[in-house]
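To keep things clear, I will list the structure first and then write my remarks on it.
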Amino acid sequence: MPEDLVSEALRRARLGRRPPAGLVIYSDQGSQYTAPRFKGLVAKHGAQQSMSRRGNCYDNAHAESFRRRLKAELLDGGSFPG
Numbered sequence: 001m002p003e004d005l006v007s008e009a010l011r012r013a014r015l016g017r018r019p020p021a022g023l024v025i026y027s028d029q030g031s032q033y034t035a036p037r038f039k040g041l042v043a044k045h046g047a048q049q050s051m052s053r054r055g056n057c058y059d060n061a062h063a064e065s066f067r068r069r070l071k072a073e074l075l076d077g078g079s080f081p082g
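In full-length UniProt numbering, the protein residues as written are 1 to 82.
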């Protein structure tokens with residue numbers, strides 16, 4: 001996955017949702033997420049990047065599990081208000 005793709009997705013998400021500073025972006029250690037350009041974009045918007053330590057894919061497992069449960073219980077076939 002190219003870095004341009006994740007950077008553009010972040011830009012579009014920020015424009016569409018306008019999250020407050022402090023947004024947490026969960027990712028793995030992929031080259032697109034560790035690229036200086038993407039990291040700069042994250043910092044520019046006052047967001048924080050959270051990623052697993054190298055070789056430890058379970059670091060963000062609790063966050064991913066929580067988001068999956070939250071989505072399942074809150075959405076129940078619907079959608080978040082936008």
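Glycine residues also receive a C-beta, built at the ideal position from the N, C-alpha and C atoms.
Alpha helix (DSSP H) segment containing residue i, residue limits
i, result
"L31", "Inspection of the sequence shows that residue 31 is occupied by Ser rather than by Leu. First-last of the alpha helix (DSSP H) with S31: 31 to 34."
"D28", "Per DSSP, D28 belongs to no alpha helix (DSSP H) and is neither H nor E."
Simplified DSSP assignment, three categories, for residue i
i, result
"S52", "coil"
"K16", "The question names Lys, yet the displayed sequence has Gly at residue 16. Helix at G16."
"A72", "helix"
"A47", "coil"
"A9", "helix"
"A61", "helix"
Distance CB(residue i)-CB(residue j) smaller than 8 Å
i, j, result
"D28", "M1", "no"
"Y26", "A63", "yes"
"A35", "E8", "no"
"A21", "G46", "yes"
Spatially closest choice to residue i from the options, by CA coordinates
i, options, result
"R54", "A47, S65, L41, Y33", "Y33"
Alpha carbon of residue i to alpha carbon of residue j, nearest angstrom
i, j, result
"V42", "R17", "15 Å"
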